[in-house]
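Numbering (my numbering), first residue to last: 47 to 352.
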Amino acid sequence: MKNWKRMICRILALALTVGCIHSAALAAAAPTGTASLPVASGTLTAKNTKATIDYSNTKDGYVMVNFTAQTDKRLKVRVTGPTNPKNPYTYDIPAGKWITFPLTDGNGEYKVSVFEHTGQGSKYATVLSTTFTATLTDEFAPYLRPNQYVDYAGATKTTAKAAELTKGITDPLKKVEAIYDFVVKEFTYDKDKAATVQSGYLPVLDTVLEAKKGICFDYAAVMAGMLRSQGVPCKLVVGYAGTTNPVYHAWISVWTQENGWVEQVVYFDGKTWQRMDPTFASSGKQSESIMKYIGDGNNYTTKYLY
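Written out as structure tokens, the structure reads:
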């Protein structure tokens, strides 16, 4: 797709003229400004000599865990939500550090459990577990704050770049366009990293930004971090791309006032919105075949939201 930036600007302008898009689609209802950073308030906790689970701020869409004991064993946290309890979220964590986990299932009962490897095979022992009911004051909360997968809290270069790219822009739709355009045009896909990446890998946003290359997880995490730092609700989605031989993949979804959470589409091609998948759009040089594939929601299966 040649001259994509100029074309999408013309399309957006035309759509605004004929009323296909509301110019303030995001601004009218989405939160503005950067969400407050997660904090372990200590008002509601479950703890023992090894770990602490802080669920003081579930209304803000997150829970925090700190494995306080010294250990050289592998540690995991499992978050089981109300939507699909048979498909819980499982995370690797380090010891001695507060880690944030988003409550992406929204309102309802959650169970959070901390596990420590027993030293035998793949066996883990439960260290601490608690249940609580979350009632979010803002449905966007889990998708505005930093967490283990979209850790923009300390990514000063990434947030500064997001501010630079969106300077003077107040319309969130145009913020999405500016950040998307930067990532797609400037980043390249790292095939060597894709072939060697290990389970448990987490993107370091400033490192990825400096290298301007990465795997799908890196692309999606950087863009999600940039958008969230600018107050735009953004989901980092992990699932499968393809139908015959599906591969593990990551992409993003954003929110609009008109359509709510737009899970499969982001930019407007004159008739319909098209999926925001920055990896395929970049590595495929935005060719017609790639953009057509991205726009087909049947090619994507969501498994987790972060």
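Ideal placement from N, C-alpha and C gives every residue a C-beta, glycine not left out.
Per DSSP, reduced to three states, the secondary structure at glutamate 185 is coil, with no helix or strand assignment. Non-local beta-carbon contacts of lysine 132 in its own chain, meaning distances under 8 angstroms to residues more than five positions away in sequence, are absent. For alanine 257 and alanine 115, the gap between their C-alpha atoms comes out near 35 angstroms. In this structure, DSSP gives phenylalanine 147 an extended state, which the three-state scheme calls strand. Nearest to alanine 141 by alpha-carbon distance, out of Lys207, Leu121, Leu83, is Leu121. Phenylalanine 186 and threonine 89 have their alpha carbons spaced roughly 23 angstroms apart. With a cutoff of 8 angstroms on beta-carbon distance, proline 148 and tyrosine 350 are scored as not near each other. If you look at tyrosine 170, you'll find it in the beta strand (DSSP E) that goes 170–180.
In the three-state reduction of the DSSP assignment, isoleucine 261 falls in the coil class. Leucine 211 places its beta carbon less than 8 angstroms from that of phenylalanine 228. Listed as beta-bridge partners of asparagine 112 by DSSP are Thr98. In this structure, tyrosine 265 sits away from proline 188, with a CB-CB distance that is not shorter than 8 angstroms.
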